[in-house]
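Residues in the sequence shown are numbered from 19 upward in steps of one, following the numbering used here.
All C-beta atoms, glycine included, are put in the ideal place defined by N, C-alpha and C.
Here the structure is a predicted model, which is why all the values come from computation and not from measurement.
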Amino acid sequence: MSLLYVVEDDANIREIEMFALKNCGYEVAGFACASDFKKALKERMPSLIILDIMLPDEDGIALLEKLRAGADTKMLPIIMVTAKTTEMDKVKGLDAGADDYMTKPFGVMELISRVKSLLRRTARGLEEASYRLSDIFLDMASRSCQVAGRHVDLTYKEFELLSLLMRNAGVVLTRDVLMEKIWGIDFVGESRTLDVHIKTLRKKLGDAGAHIQTIRNVGYLADKGVRE
Numbered sequence: 019m020s021l022l023y024v025v026e027d028d029a030n031i032r033e034i035e036m037f038a039l040k041n042c043g044y045e046v047a048g049f050a051c052a053s054d055f056k057k058a059l060k061e062r063m064p065s066l067i068i069l070d071i072m073l074p075d076e077d078g079i080a081l082l083e084k085l086r087a088g089a090d091t092k093m094l095p096i097i098m099v100t101a102k103t104t105e106m107d108k109v110k111g112l113d114a115g116a117d118d119y120m121t122k123p124f125g126v127m128e129l130i131s132r133v134k135s136l137l138r139r140t141a142r143g144l145e146e147a148s149y150r151l152s153d154i155f156l157d158m159a160s161r162s163c164q165v166a167g168r169h170v171d172l173t174y175k176e177f178e179l180l181s182l183l184m185r186n187a188g189v190v191l192t193r194d195v196l197m198e199k200i201w202g203i204d205f206v207g208e209s210r211t212l213d214v215h216i217k218t219l220r221k222k223l224g225d226a227g228a229h230i231q232t233i234r235n236v237g238y239l240a241d242k243g244v245r246e
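In structure tokens:
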């Protein structure tokens, strides 16, 4: 049974979310503040976290960044929940490492759907421990990237983007598919975000960045290179 943590300071919202998720067969624990949540993390690691941005003792974005920097928590699936609705708020949360983003108010059926979808995506992502594309090597367990034996420091979203392209080497991934998979199913912002990440990723990879090809008016492709 999957254990879910709900970090939400509004008691009514937290209780509704927990009730709905428990009725779907999940084990659920709720927390009103970041400090209680962090104490629980030391005792037991969840399968997924639902994290509110506005917490009384710590900013949710700052907490998210700490989770992504932690060796034990950097791969935890995280859905960010907030009352903020601007595109920049979504970009900030997703770029900080959130796997999905929901804006209040939302229905419990949508929440359940998002949770199930993210848990399925996470399970698929663990099917292979590593990927290689020519000189590029990704270790999924440590979330590390090497190019010709040299460590390359990637942000959370850059790693997600590169791993998705490498898993589908030889297949053209449309812009819509990439935006949905990497930035969340409700992300409706300007897809210029994708172009910026691709540009930065190519630069970090050096000559190996040429394996990421632009397919005009469609999307991007990782060529097959030499894979193992």
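Quick one, are the C-beta atoms of residue i and residue j less than 9 Å apart?
i      : j      : result
Thr91  : Met63  : yes
Leu182 : Ile200 : yes
Val99  : Ile79  : no
Gly224 : Val165 : yes
Leu156 : Met184 : yes
Cys163 : Leu180 : yes
Might you give, ordered along the chain, the residues of its own chain that have their beta carbon closer than 7 Å to the beta carbon of residue i, omitting 5 neighbours on each side?
i      : result
Cys51  : Asp27, Leu73, Pro74 and Asp75
Gly102 : According to the sequence shown, residue 102 is Lys rather than Gly. So the list reads Ile71, once near-sequence residues are dropped.
Val190 : Ile233, Val236, Gly237 and Leu239
Asp113 : Lys175
Met36  : Val24, Val46 and Gly48
Thr140 : Pro95
Thr192 : Val236 and Gly237
Phe177 : Arg161 and Cys163
Counting only the same chain and skipping the five closest in sequence on each side, list residues whose C-beta sits under 6 Å from that of residue i.
i      : result
Gly227 : Arg220
Lys242 : Ala187 and Gly188
Phe49  : Val25 and Phe55
Asp8   : Given that the chain is displayed from residue 19 to residue 246, the structure contains no residue 8 and the question cannot be resolved.
Whole angstroms are fine: how far does the CA of residue j sit from the CA of residue i?
i      : j      : result
Asp171 : Lys222 : 8 Å
Leu239 : Asp54  : 44 Å
Gly111 : Leu94  : 15 Å
Leu22  : Glu61  : 14 Å
Met120 : Gly188 : 32 Å
Ile230 : Glu45  : 41 Å
Phe124 : Asn30  : 14 Å
Asp194 : Ala87  : 28 Å
Asp159 : Met197 : Going by the sequence as given, residue 159 is Ala instead of Asp. Looking at the two C-alpha atoms, the distance is approximately 23 Å.
Leu85  : Cys42  : 26 Å
Arg32  : His215 : 34 Å
Arg168 : Lys122 : 43 Å
Ala147 : Arg138 : 17 Å
Just list the residues that DSSP pairs residue i with in beta bridges.
i      : result
Met72  : Asp77
Ala47  : Tyr23
Ala38  : In DSSP, Ala38 forms no bridge with anything.
Thr140 : In DSSP, Thr140 forms no bridge with anything.
Val99  : Asp70 and Met120
Arg132 : DSSP lists no partner for Arg132.
Thr211 : Bridge partners of Thr211: none, in fact.
Ile233 : Gly237
Between residue i and residue j, how many whole angstroms is the CB-CB distance? I'm expecting something under 8 Å.
i      : j     : result
Arg151 : Leu66 : Contrary to the premise, residue 151 reads as Leu rather than Arg in this sequence. Between Leu66 and Leu151 the Cβ distance is about 29 Å, and since that is not below 8 Å, they are no contact.
Ile96  : Leu82 : 6 Å
Less than 8 Å between C-beta atoms, sequence neighbours within five positions excluded: which residues of the same chain meet that for residue i?
i     : result
Leu39 : Leu22, Val24, Val46, Leu129, Ile130 and Val133
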